[in-house]
Amino acid sequence: MAQATDPICGMQVDTETALSLTLDGTTHFFCGAGCRDKFAKQQPVSAEKPAEGHSCCHDKPAQQRTGTSKKNDGRLYTCPMHPEVEQVGPGSCPKCGMDLEPKTVSLDEEDDGTAADMSRRFWVGVALSVPLLVLTMGPMVGLDVDHWLSATSAGWLQFLLASPVVLWCGWPLLMRGWQSVVHRSPNMFTLIAIGTLTAFAFSVVAVLFPALIPAAFYEHGRPPLYFEAAAVIITLVLLGQVLELGARKRTSGAIRELLQLAPKTAHRVSDSGEQDVPLDDIQTGDQLRVRPGEKMPVDGIVREGESTVDEAMLTGEPLPVEKHPRDKVSAGTLNQSGSLLIEAQQVGAETVLGRIVDMVAAAQRSRAPIQRLVDVVAAWFVPAVIVAALIAFGVWATIGPEPRLAHALLAAVSVLIIACPCALGLATPMSIMVGIGRGAREGVLIKDAQVLETMEKVDTIVVDKTGTLTEGRPRVVDVVAVEGSSEEDLLAQAAAAESVSEHPLARAIVDAAKERELSVTKATDFQSTTGGGIEAQVDGRHIRVGKQDFMANNGVQVPEEIAKKSRAMQSEGRTVVFVAAEENLLGMIAIADPIKQTTPATIARLHELGLKLVMLTGDAQATAQAVASELGIDDFTAGVSPEDKHNYVQDLRKQGRIVAMAGDGINDAPALAAADVGIAMGTGSDVAIESAGVTLVGGDLRGVVKAAALSRATMTNIRQNLFFAFGYNAIGIPIAAGVLYPAFGWLLSPMIAAAAMSLSSVSVIGNALRLRAVNV
Numbered sequence: 000m001a002q003a004t005d006p007i008c009g010m011q012v013d014t015e016t017a018l019s020l021t022l023d024g025t026t027h028f029f030c031g032a033g034c035r036d037k038f039a040k041q042q043p044v045s046a047e048k049p050a051e052g053h054s055c056c057h058d059k060p061a062q063q064r065t066g067t068s069k070k071n072d073g074r075l076y077t078c079p080m081h082p083e084v085e086q087v088g089p090g091s092c093p094k095c096g097m098d099l100e101p102k103t104v105s106l107d108e109e110d111d112g113t114a115a116d117m118s119r120r121f122w123v124g125v126a127l128s129v130p131l132l133v134l135t136m137g138p139m140v141g142l143d144v145d146h147w148l149s150a151t152s153a154g155w156l157q158f159l160l161a162s163p164v165v166l167w168c169g170w171p172l173l174m175r176g177w178q179s180v181v182h183r184s185p186n187m188f189t190l191i192a193i194g195t196l197t198a199f200a201f202s203v204v205a206v207l208f209p210a211l212i213p214a215a216f217y218e219h220g221r222p223p224l225y226f227e228a229a230a231v232i233i234t235l236v237l238l239g240q241v242l243e244l245g246a247r248k249r250t251s252g253a254i255r256e257l258l259q260l261a262p263k264t265a266h267r268v269s270d271s272g273e274q275d276v277p278l279d280d281i282q283t284g285d286q287l288r289v290r291p292g293e294k295m296p297v298d299g300i301v302r303e304g305e306s307t308v309d310e311a312m313l314t315g316e317p318l319p320v321e322k323h324p325r326d327k328v329s330a331g332t333l334n335q336s337g338s339l340l341i342e343a344q345q346v347g348a349e350t351v352l353g354r355i356v357d358m359v360a361a362a363q364r365s366r367a368p369i370q371r372l373v374d375v376v377a378a379w380f381v382p383a384v385i386v387a388a389l390i391a392f393g394v395w396a397t398i399g400p401e402p403r404l405a406h407a408l409l410a411a412v413s414v415l416i417i418a419c420p421c422a423l424g425l426a427t428p429m430s431i432m433v434g435i436g437r438g439a440r441e442g443v444l445i446k447d448a449q450v451l452e453t454m455e456k457v458d459t460i461v462v463d464k465t466g467t468l469t470e471g472r473p474r475v476v477d478v479v480a481v482e483g484s485s486e487e488d489l490l491a492q493a494a495a496a497e498s499v500s501e502h503p504l505a506r507a508i509v510d511a512a513k514e515r516e517l518s519v520t521k522a523t524d525f526q527s528t529t530g531g532g533i534e535a536q537v538d539g540r541h542i543r544v545g546k547q548d549f550m551a552n553n554g555v556q557v558p559e560e561i562a563k564k565s566r567a568m569q570s571e572g573r574t575v576v577f578v579a580a581e582e583n584l585l586g587m588i589a590i591a592d593p594i595k596q597t598t599p600a601t602i603a604r605l606h607e608l609g610l611k612l613v614m615l616t617g618d619a620q621a622t623a624q625a626v627a628s629e630l631g632i633d634d635f636t637a638g639v640s641p642e643d644k645h646n647y648v649q650d651l652r653k654q655g656r657i658v659a660m661a662g663d664g665i666n667d668a669p670a671l672a673a674a675d676v677g678i679a680m681g682t683g684s685d686v687a688i689e690s691a692g693v694t695l696v697g698g699d700l701r702g703v704v705k706a707a708a709l710s711r712a713t714m715t716n717i718r719q720n721l722f723f724a725f726g727y728n729a730i731g732i733p734i735a736a737g738v739l740y741p742a743f744g745w746l747l748s749p750m751i752a753a754a755a756m757s758l759s760s761v762s763v764i765g766n767a768l769r770l771r772a773v774n775v
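Position one of the sequence shown corresponds to residue 0 (numbering that gives the first Met the number 0), numbered consecutively onward.
Here it is, written out as structure tokens:
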């Protein structure tokens, strides 16, 4: 077993299983895609000698494989139909022959020359094919060509016009066909090359050596010529390639829109003053000035100044957020009113925006389970088409009308040309790419295509309450003091005791004291009882804050009148904590986590989609009951632990339910991982986001509706594409073979077949692009 050293991290790797890149004739091996990508970016770019290497094809550089001149920009390129195929610099896929696309989209996208080269070849093909068509089809419209040219002269003129079209204009297509044979990966270009070269080679022999053509091929006493068919087929296929390249470029529009959110330069502040520098030069720790009306260049923390910042691109919320020193800001958000000095904390790909772009790009390259069916069909497709062409030739040559062999050749060529495996292969990845990009524009980040496909089948949505249905920022809504105590003293004592705690309810009590401008002293001897409450020394008194059971266990009696008020508040969805000094009750504090304004309408929309909604929460039964009743939630369970949530989700799945779990906290991570689809609120913890298949950037439940609607629209679009691709080939191939000839006398021209084949791929991509405008 041969070993090699990863040039980036120094790890020893097995050369038989490790990822590799071949550059300038040397193969380098890597432990993973990260090291390989980093190594590729470090290599100098040379226009004269482009880098070689291919994850499954190391034998020829990109120019030799495609027959076109392409600029190597140093990026990794991959195939939209076969994402496992990668190489440094542009080229064509050895499996399907399609042009490779960059894995990372650049804002200032430079044309690698493919589209311009294809367009140039197409227009040259048009210029030569039109007079060729006039020459061959003229007699059908009354043009007396024979009066001007003899049969021999006309044949030579056709040869001169068709040869540049087939041999130069069509060279990239023919080379892809040849590469498919070399790599034993038959594809669309295999069929095009066989069909056009058969027609062209037959015609060349008929012009140069007419005596070699059997009499059975003769029409009107002379061998037929198919120069115009070969030339027009090449021209139409080139047209399809030009249209396809343009359409495929638009599929990366969502990522490009995200990249446009970040500015290209930043104002770096140093001892020597303020200087405008490119964004790529910014490093962690740099001090940056952000003026009103400018976008944040990086993720950072405010060091000086106050302002309002529009964070709608991340949260979807239209209202600006106030920013003060020590507040965090995110790249791409818009500074509105004041000048800010920020310190860079995450730059480039490490920013929230950068991670979103990477997530979307990776998801767009992923493969949906439905693609497996396509892969199985595609593996047999081209051989089946070649067999069908041979059968068509044999049938026409045996029982067809005279001249039998001429008709047999036309039928075989038409069958080869009309078949389009690319329409089949593009049906799924194009819809996935556009659909995931569409979700990104709506703040719905989908991890991969499998998640998108699974989301369509979800019938049960399980949600956490805090931070998902509610704002996740509890606040004090009522303070009830017992006789002999005041609300201010009660709240001040509770805030002092809770000031050490990081619990959300504790923060709500401290914030309420600050709002009332109460004097809060420092607490000592802080102790916490899990699930009960806390206690601490405040101004020489032993203060306890917690549940009624916690008070009872510590000898604090709660009068029935206060307990009754507590139960009434809890029935309204409020959380009640009691406050005592020593063994004397001071009163109680009611805390509520307000329901998000968008939650009721969102739940109604989920019900319209036929989804069952279940709420799991660690809150008390009464609080959970109040929220569930107010929102019309189908089922709920209160007082659950993280383990309980995980087990509940697993039980639902055992019952045959397809479950999506939405949550935002660390305690939700196990349940998110256990669900068929985990949906993390982007405002939540990193652990929750890592455990989820869908991330809602804005942290809003409306994103669940968007994810569900988008998955259904995307899967419908994929099925439309597959139906079209299968249907097109199922109908087109028999017609090209001539099955309608006995009944109607119809025989498909190879040129019509070429037009249909070229438009089939474009139609599939065009249908996928409709997802960009789908209403979610």
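Each residue gets a CB set at the ideal place from its N, CA and C atoms; glycine is no exception.
Give the straight-line distance between the Cα atoms of residue 405 and residue 747, rounded to the nearest whole angstrom. 13 angstroms
Cβ neighbours of residue 636 in the same chain (closer than 7 angstroms, five flanking residues each side left out): 615 and 647
Kindly confirm or deny that the region 261-275 and the region 198-215 touch, where touching means at least three C-beta pairs closer than 8 angstroms. no
If distances are taken between C-alpha atoms only, which option among 759, 706, 130 and 35 comes closest to residue 416? 759
Note down the Cα distance separating residue 503 from residue 280, rounded to an integer number of angstroms. 39 angstroms
Helix, strand or coil at residue 725 according to DSSP, with G and I counted as helix: helix
Do residue 276 and residue 301 have their C-beta atoms within less than 8 angstroms of each other? no
Contact between the region 124-137 and the region 220-231: three or more CB pairs below 8 angstroms? yes
In its own chain, which residues sit with a C-beta less than 7 angstroms from the C-beta of residue 319, not counting the 5 before and 5 after it? 307, 308, 309 and 335
Neighbour-count burial assignment, residue 498, 16 or more Cβ in a 10 Å radius: buried
Just the Cα atoms here: how many angstroms apart are residue 571 and residue 618? 13 angstroms
Beta strand (DSSP E) containing residue 401: first to last residue? Element bounds for residue 401: n/a, residue is neither H nor E.
Nonlocal neighbours in the same chain, by C-beta distance under 7 angstroms from residue 582, ignoring five residues either side: 554 and 555
Could you tell me the alpha carbon to alpha carbon distance between residue 344 and residue 351, rounded to whole angstroms? 11 angstroms
Can you tell me which of the three DSSP states residue 499 falls into? coil
Per DSSP, residue 288 forms a beta bridge with which residues? 266 and 340
What are the complete beta strand (DSSP E) segments, minimum 3 residues, inside the region 502-541? 523-528 and 532-537
So residue 371 and residue 338 are in contact, right, with Cβ under 8 angstroms, and what is the actual spacing, rounded? Not quite, the Cβ-Cβ distance comes to about 55 angstroms (not below 8 angstroms), so this is no contact.
Three-state secondary structure assigned by DSSP to residue 64: The pLDDT assigned to residue 64 is 38, lower than 50, so where the model puts this residue is not dependable, and the model offers no usable value.
Among 755, 304, 744 and 742, which residue has its Cα nearest to the Cα of residue 728? 755
Counting pairs of beta carbons, one from the region 704-724 and one from the region 429-440, are three or more of them closer than 8 angstroms? yes
Cβ pair residue 532, residue 544 closer than 8 angstroms: yes
Going by the CB atoms, is the gap between residue 480 and residue 494 shorter than 8 angstroms? no
Residue range of the unbroken beta strand (DSSP E) whose run includes residue 634: 634-636
As assigned by DSSP and simplified to three states, the class of residue 447: coil
Residue of 261, 718 and 77 minimising C-alpha distance to residue 36: 77
Judging by CA-CA distance, which residue of 514, 573 and 741 is the nearest neighbour of residue 808? The shown model of the chain, from 0 to 775, leaves out residue 808, and the question about it has no answer.
Report yes or no: do three or more beta-carbon pairs, one from the region 738-745 and one from the region 449-464, lie closer than 8 angstroms? no
Along the alpha helix (DSSP H) that carries residue 548, what are the first and last residues, could you check? 547-552
Starting from residue 642, follow the alpha helix (DSSP H) in both directions and report where the run begins and ends. 641-653
Assigned exposure category for residue 379 - 16 Cβ within 10 Å defines buried: exposed
Among 325, 341 and 305, which residue has its Cα nearest to the Cα of residue 296? 341
Measuring CA to CA, which of 561, 464 and 768 is closest to residue 638? 464
To the nearest angstrom, how far is the alpha carbon of residue 45 from that of residue 89? Below a pLDDT of 50, predicted positions are generally treated as unreliable, and residue 45, at 37, falls in that range; the measurement from the model is reported next regardless. For residue 45 and residue 89, the distance between alpha carbons rounds to 13 angstroms.
Can you give me the Cβ contacts of residue 392 inside the same chain, cut-off strictly under 8 angstroms, excluding the 5 residues immediately before and after it? 407, 408, 410 and 411
Under 7 angstroms: does the beta carbon of residue 748 sit that close to some heavy atom of the ligand MN? The model depicted lacks the ligand MN and carries no ligand whatsoever.
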